[in-house]
Amino acid sequence: MKIETKCLHEGYKPGNGEPRALPIYQSTTYTYDSTEHIGKLFDLTAEGHMYSRISNPTVAAVEEKIAALEGGVGALCTTSGQAASLISLLNIMKSGDHFISASTIYGGTINLFAVTLKKLGVECTFVDADASEEEIQKEFRPNTKAVFGETIANPALAVLDIEKFARIAHANGVPLIIDNTFATPILCRPIEYGADIVIHSTTKYMDGHAIQVGGVIVDSGKFDWTNGKFPEFTEPDQSYHGVTYTKDFGAAAYIVKARVQLMRDFGTYPSANAAFLLNLGLETLAVRMEKHCRNAEKVARYLNQCEDIEFVNYPILEGNKYHELQKKYLPLGCSGVISFSIKGGREKAITFMDSLKLASNVVHVADIRTCVLHPASATHRQLTDEQLLAAGITPGMIRLSVGLENVDDIIEDLDQALAAAKAI
Ligand SMILES: *Cc1c(COP(=O)(O)O)cnc(C)c1O
């Protein structure tokens, strides 16, 4: 199946006389005929759902679909993108461990890595993703356990050289975790370039309609957890009757461990109803991404020729720092997200934002409706000026998420708001 077909048909394949649409199994639990069978479920020697904090048939169908879209062996849905980032890392790290992350990443993720994980004893070193392999290599320590980056950085719109990051990670015997939220598997499938784990905030394009927060972790099944650095995978898990993940689950060791150990303990599993809604979004993901890309390209070209604009970040534009990486990793387009800066800085940016009539001023991105955000006063408000710059953000920068409206209406709105900003 091609990817558009997978969006519609993976995960749920109804049998004779069964519902055409994915059913919502709104149940916390599942009945079995014998205690022996339930015992086997607990031992993980029989397959089946046991309790909806760990798995549920509706959520499982969506997990299977997303795994198929990304080309992974399995997936685990979470209640938010933040929960996906957290679990993806804690599944391989404990207090005393260290990991490396590109500095151009989502503001909430920076906070999680720099503050909250640090409190738990897990340390992160942020690196300039555009630095040479030699420079990044210098940041590795004996206790480094993972490398992290975003395909298209939110909101800097830097494109990550995934193959370079995979090479560095693998040379050090650690996995590469990629946050593929903005690209979605329609525009880029990081596993094809060497990523080992892919995560998403499904809140963004996957859901697409701004109706629910969610996340997902996808396991490529390709990383060798038996290389000596990850004893939690190769030694019996006493909290799970001595299961040894690599031995008992082979290529799916990582994702099974994340589910039966961390999801069991943290309990950030979505409801069946949430998964049903996410599935509706996924069914149209391919068509939506194509239109988001087409609209955004036109808007970026319009902004690029406006004289009141200081710069436009959209890797499709010729001369953009990431244009070559875009051609390699995102040949179909760069999503609907553009960032740009208005001449005159913060004040003009805020007047522009407040003058928009069609585009909504929201703390959201990657929606079917055009929306804008001023990162320095919203998502990245907690960051210091230094962290702002490292994340690729200037005080006058606006993040524009181009929706599916007629592009002429979007441009007309931007045009009148730019005129209003010019007037002050
Ligand atoms: C929004 C976002 C997150 C966090 O996801 P939530 O669903 O809001 O928890 C993580 N990474 C990226 C790239 C995001 O845009």
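According to numbering that gives the first Met the number 0, the stretch in the sequence shown is residues 0 to 423, in order. Built from N, CA and C at the ideal position, the CB exists for glycine as well. Only a predicted model underlies this, so the values are computations on that prediction, with no experimental measurement involved.
Residue span of the beta strand (DSSP E) that contains residue i, given as start and end
i	result
Ile337	336–341
Ser100	97–101
Ser200	196–200
Asp218	214–218
Met288	Counting along the chain, Met288 falls outside any beta strand (DSSP E), though it belongs to the alpha helix (DSSP H) covering 284–303.
Ile190	It is not in any beta strand (DSSP E) - Ile190 carries neither H nor E in the DSSP assignment.
Cβ-Cβ distance between residue i and residue j below 8 Å
i	j	result
Thr103	Ala128	yes
Cys333	Ala285	no
Phe216	Ile190	Note on identity: in this sequence residue 216 is Ile, with Phe being the wrong assignment. For Ile216 and Ile190, no; Cβs fall outside 8 Å.
Ala273	Gln211	yes
Leu324	Asp160	yes
Arg368	Pro154	no
Gly214	Ile196	no
Asp42	His169	no
Asp236	Ala420	no
Phe265	Ile86	yes
Span separating the alpha-carbon of residue i from that of residue j
i	j	result
Gly38	Met49	10 Å
Val371	Ala358	7 Å
Phe432	Ile315	Any question about residue 432 goes unanswered here, given that the chain covers just 0 to 423.
Phe181	Leu329	11 Å
Gln381	Cys76	28 Å
Arg188	Gly280	18 Å
His36	Thr30	10 Å
Tyr321	Gly16	51 Å
Gly80	Lys137	30 Å
Asn278	Thr183	14 Å
Ser200	Ala209	12 Å
Glu69	Val401	24 Å
Asp247	Asn319	48 Å
Leu7	Glu134	44 Å
Pro56	Ser84	23 Å
Asn110	Leu175	20 Å
Close beta carbons around residue i, own chain, < 8 Å, minus the five adjacent residues each side
i	result
Ile53	Arg258, Val259, Met262, Arg263, Tyr268
Ala377	Val362
Ile423	Glu346, Lys347, Thr350
Asp408	Leu357
Best match in the options for proximity to residue i [C-alpha to C-alpha]
i	options	result
Ile23	Ala377, Tyr301, Leu276, Leu413	Leu276
Gly10	Asn360, Ala60, Ile99	Ala60
Lys1	Lys64, Leu43, Asn15	Lys64
Phe125	Thr108, Asn55, Val58, Pro184	Thr108
Glu149	Asp178, Ala170, Asp160	Asp178
Ala365	Gln415, Met288, Tyr31	Met288
Gly172	Ala418, Asn142, Leu111	Asn142
Phe112	Asp42, Ala82, Thr201	Ala82
Ser51	Asn312, Leu43, Glu134, Thr28	Thr28
Gly120	Leu89, Val146, Lys5, Lys326	Leu89
Val58	Leu68, Asp96, Leu21	Leu21
Ala433	Lys118, His97, Gln415	Past the boundaries of the shown model lies residue 433; the chain is included only from 0 to 423, so the question cannot be answered.
Ser94	Cys123, Thr78, Leu413	Cys123
Phe164	Thr115, Ile91, Ser87, Glu132	Glu132
Phe310	Ser338, Lys290, Glu317, Thr283	Ser338
Asp140	Gly220, Ile185, Lys228, Glu162	One detail in the question is off: residue 140 reads as Arg in this sequence, not Asp. Arg140 has its Cα closest to that of Lys228, out of Gly220, Ile185, Lys228, Glu162.
Met114	Gln415, Thr383, Phe265, Asp353	The sequence shown places Val at residue 114, rather than the Met named in the question. With distances taken between Cα atoms, Val114 lies closest to Thr383.
Glu3	Thr283, Val336, Ile167	Thr283
Glu162	Leu186, Ala152, Ile151, Gly193	Gly193
Terminal residues of the alpha helix (DSSP H) in which residue i lies
i	result
Asp42	34–42
Ile109	106–110
Gly80	80–89
Thr150	It is not in any alpha helix (DSSP H) - Thr150 carries neither H nor E in the DSSP assignment.
Cys6	2–8
Gly344	344–354
Spatial neighbours of residue i in its chain, beta-carbon cut-off 7 Å, leaving aside the 5 residues before and after
i	result
Thr379	Checking the displayed sequence, the identity of residue 379 turns out to be His instead of Thr. So the qualifying residues of the chain are Gly106, Leu387, Ala390, Ile392.
Residues near residue i in its chain [Cβ-Cβ closer than 6 Å; skip 5 each side]
i	result
Gly395	Ser340, Ile341, Gly344, Arg345, Ala348
Thr245	Trp224, Thr225, Phe232, Thr233, Ala252
Ala101	Ala128, Gly148
Gly73	Ala66, Asp218, Ala251, Ile254
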